[in-house]
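*Asks:* Residue 55 in UniProt numbering is what sits at position 55 of the sequence shown, and the numbering runs on without skipping anything. For every residue, glycine included, the Cβ atom is placed at its ideal position computed from N, Cα and C.
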Amino acid sequence: MSGTGYSVAEAKPEKSTGKAVKVLVAASMAIVVFFTVEKFAIGGLINVDSNSSLVGFFLFGLVAGISSCAALVGGLIFSVSKQWYSLYSNEDSFLQKLRPHLIFHAGRLVFYSLFGFLLGWLGQSLKISLTFSSILVIAVSIVMFLIALQMLGIHTVSLSIPPFLRKALTVDKSRRGRMMPFILGATTFFLPCGFTITAQALALLSGSPFHSSLIMLFFALGTFFPLIAIGASSIKFFAMKTFSEVFTKIAAVLIIFFVIYNVNSQLNVLGLPSLNDLTIGTGKQVSFIPDDSPTVPATAGDREEIVMDEAGRKETGENIDIEEKFEIQEVAEEQPLDIVQSGQEIQVIRTVANARGYTPDYYQVKAGVPVRWEIEDVGTSGCTNAIISRNLFPQRVELTRGNTSVVEFTPQLPGQYKFSCWMGHYTGIIEVVN
């Protein structure tokens, strides 16, 4: 209508159902890509140890930034990008809109380097508890979930976010406001990603505060490029008037997915029931060890068999062919997976670990009988290169590529006990029976 100060748009707004379909399709495609990258075990492409160069740690960080660890920090960036973008007008340049993200990563680089120095200086006395880290991830995930609900238009939860957390996620043009993304970036040092923990552990072993600082700095530099790409792409999408609303919803759905993924992983770390339990112990290939086998059976392939005598000394035997002693067979889903040597003074279970997890992932052992668990590393990643099982043994079992690590424990109470990598992405169960 003319003369009234109002105009009527001729085109009808897109139906909400159509937008919902676009959101779900786009989010589903992103999730499929995420799991595809994880399935191909890209994290196993780069391996570092205490002798690796700084370039190696940079590449290690680069892989971490596009692996499952991106679900944590990448999801956090997604959750704050909308608020950071809303501070700027259309007249502001792309670099101005990118400023909070750059401040965020500056905090990561500075504090990773600083805490790396402390790791090298204080050594073993500075140790971050996995329980603390898990609780921190769950707390951060709850905040991310509340932000995602707001992005979906569910504003009734706004009061659920504590004011101090809302301030921590906020950036404005004041000096104090500019520091908030910096502080937020600094705190990501304590968010447990298997790759980050690996870098921290190697920095701790370096014995030099300066070299330890450089290890963490180059690792953080490696993560910078994929993570800044997430922030930069979010700015571009938010700037598209016709796509901004849809992208906001897509980002919200992805944040919720990352929240579920992260919380589920931390439940594994804490030894609690999780979604992973639904797929453990289905159709794996295992070696059934007969009752009359040696005290310590050999692993797959030709190797020199090592047996412990009664006095605890190693006795070296001849090379044996595992195929002559053990039968490899496909196990049906309903058949219990039992790799135990019963009738002996010790039960022996054996695992093969690689970048895709642990095989087998289900065992049965007898209560009250000592267990010797041999874990062969045939190419693990930054996440799978350690195994934890807080209800069976207190220490984490660190794995070294090409070697077999051993942990011994005696289960007392019947039940199902979970083991996992230290980020909780890959899991298994040891069932203790009478």
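Are Ser381 and Ala355 touching if we call contact CB-CB under 8 Å?
*Replies:* Yes, Cβ-Cβ distance for Ser381 and Ala355 is below 8 Å.
*Asks:* Enumerate in chain order the residues of its own chain whose CB-to-CB distance from Tyr261 is below 6 Å, with the five nearest sequence positions on each side excluded.
*Replies:* Ala71
*Asks:* Could you give the distance in angstroms between the alpha-carbon of Leu24 and the alpha-carbon of Ser52?
*Replies:* Distance between the alpha carbons of Leu24 and Ser52 is about 42 Å.
*Asks:* By the three-class DSSP mapping on this structure, what secondary structure does Arg108 have?
*Replies:* Helix.
*Asks:* Looking only at C-alpha atoms, which of Phe58, Ala367, Asp377 sits nearest to Val352?
*Replies:* Ranked by Cα distance from Val352, the options Phe58, Ala367, Asp377 are led by Asp377.
*Asks:* For chain B, check one thing: does any of its Cβ atoms lie closer than 8 Å to the Cβ of Leu205?
*Replies:* Annotation note: the requested chain B is absent from the structure, which comprises a single protein chain.
*Asks:* What distance in whole Å lies between the Cβ atoms of Tyr363 and Glu431, which are believed to be in contact at a cut-off of 8 Å?
*Replies:* 7 Å
*Asks:* Which first and last residues belong to the beta strand (DSSP E) in which Gly428 is found?
*Replies:* 427–433
*Asks:* Pairs of beta-carbons, one from the segment 410–420 and one from the segment 93–109, closer than 8 Å: are there three or more?
*Replies:* Contact check between the segment 410–420 and the segment 93–109: fewer than three CB pairs, one atom from each, fall below 8 Å, which does not count as touching.
*Asks:* Taking contact to mean at least 3 C-beta pairs separated by less than 8 Å, is the segment 256–276 in contact with the segment 128–143?
*Replies:* yes
*Asks:* What did DSSP end up calling Thr410 once you bin it into helix, strand or coil?
*Replies:* coil
*Asks:* Where does Met180 land, buried or exposed, given buried means 16+ other C-beta within 10 angstroms?
*Replies:* Around the beta carbon of Met180, a 10 Å sphere encloses 16 or more other beta carbons of the protein chains shown; the residue is thus reported as buried.
*Asks:* Going by DSSP in three states, Val73 sits in which element: helix, strand or coil?
*Replies:* The three-state secondary structure of Val73, taken from DSSP, is helix.
*Asks:* Name, in chain order, the residues that DSSP records as bridge partners for Thr359.
*Replies:* Val352
*Asks:* What does the alpha-carbon distance come out to for the pair Asp338 and Val365?
*Replies:* Any reading at Asp338 must be qualified, since the residue scores a pLDDT of 42, below 50, and its modelled position is unreliable; the value itself is stated next. Straight through space, the alpha carbons of Val365 and Asp338 are spaced by roughly 8 Å.
*Asks:* Spatial neighbours of Ile66 within its chain, please: C-beta separation below 6 Å, excluding the five flanking residues on both sides.
*Replies:* Pro226
*Asks:* Does the distance from the CB of Gly61 to the CB of Ile215 come in under 8 Å?
*Replies:* A distance of 8 Å or more separates the beta carbons of Gly61 and Ile215.
*Asks:* If we call anything under 8 Å between Cβ atoms a contact, is Leu54 one with Phe218?
*Replies:* yes
*Asks:* Bridge partners for Ile260 per DSSP, in chain order?
*Replies:* Bridge partners of Ile260: none, in fact.
*Asks:* With distances taken Cα to Cα, identify the nearest neighbour of Phe34 among Thr198, Phe258, Gly18.
*Replies:* Comparing C-alpha distances from Phe34 to each of Thr198, Phe258, Gly18 shows the shortest one belongs to Phe258.
*Asks:* According to DSSP, is Phe224 part of a helix, a strand, or is it coil?
*Replies:* helix
*Asks:* What residues in its chain sit with their C-beta under 6 Å from that of Ile346, if we drop five residues either side in the sequence?
*Replies:* Pro370, Arg372
*Asks:* If we call anything under 8 Å between Cβ atoms a contact, is Pro411 one with Ala367?
*Replies:* yes
*Asks:* Within a Cβ cutoff of 7 Å, which residues of the same chain sit near Val73, ignoring the five residues on either side of it in sequence?
*Replies:* Thr188, Leu191, Leu227
*Asks:* Leaving out five residues before and five after Thr223 in sequence, what residues of the same chain have Cβ atoms less than 6 Å from its Cβ?
*Replies:* Excluding its 5 nearest sequence neighbours in each direction, Thr223 has C-beta neighbours in its own chain below 6 Å: Gly61, Ala64, Gly65, listed in chain order.
*Asks:* Compare the beta carbon distance of Ala186 and Gly107 with 8 Å and say whether it is the shorter of the two.
*Replies:* yes
*Asks:* With Gly61 as the anchor, note down where its alpha helix (DSSP H) starts and where it stops.
*Replies:* 54–65
*Asks:* Would you mind sorting Thr248 into buried or exposed? The rule is 16 or more other CB atoms within 10 Å of its CB.
*Replies:* buried
*Asks:* Contact defined as beta carbons within less than 8 Å: I believe Thr384 pairs with Asn276. What is the distance between those atoms, to the nearest angstrom?
*Replies:* No, Thr384 and Asn276 are not in contact; Cβ-Cβ is about 14 Å, not under 8 Å.
*Asks:* Just the Cα atoms here: how many angstroms apart are Leu399 and Met423?
*Replies:* 14 Å
*Asks:* Relative to the alpha-carbon of Val21, which residue among Asn434, Leu254, Val246, Ala251 has its alpha-carbon at the smallest distance?
*Replies:* Val246
*Asks:* Using the C-alpha atoms, what's the distance from Ala27 back to Val253?
*Replies:* 7 Å
*Asks:* In this structure, does DSSP put Pro209 in helix, strand or coil?
*Replies:* If DSSP states are grouped into helix, strand and coil, Pro209 belongs with the helices.
*Asks:* Which one of His211, Ile255, Pro209 has the shortest CA to CA distance from Ile142?
*Replies:* Ile255
*Asks:* Leaving out the 5 sequence neighbours to the left and right, which residues in its chain are closer than 7 Å to Arg401 when beta-carbon positions are compared?
*Replies:* Asn47, Asp377, Gly379, Thr380
*Asks:* How would you call Ile429, buried or exposed, if buried means at least 16 neighbouring beta carbons within 10 angstroms?
*Replies:* buried
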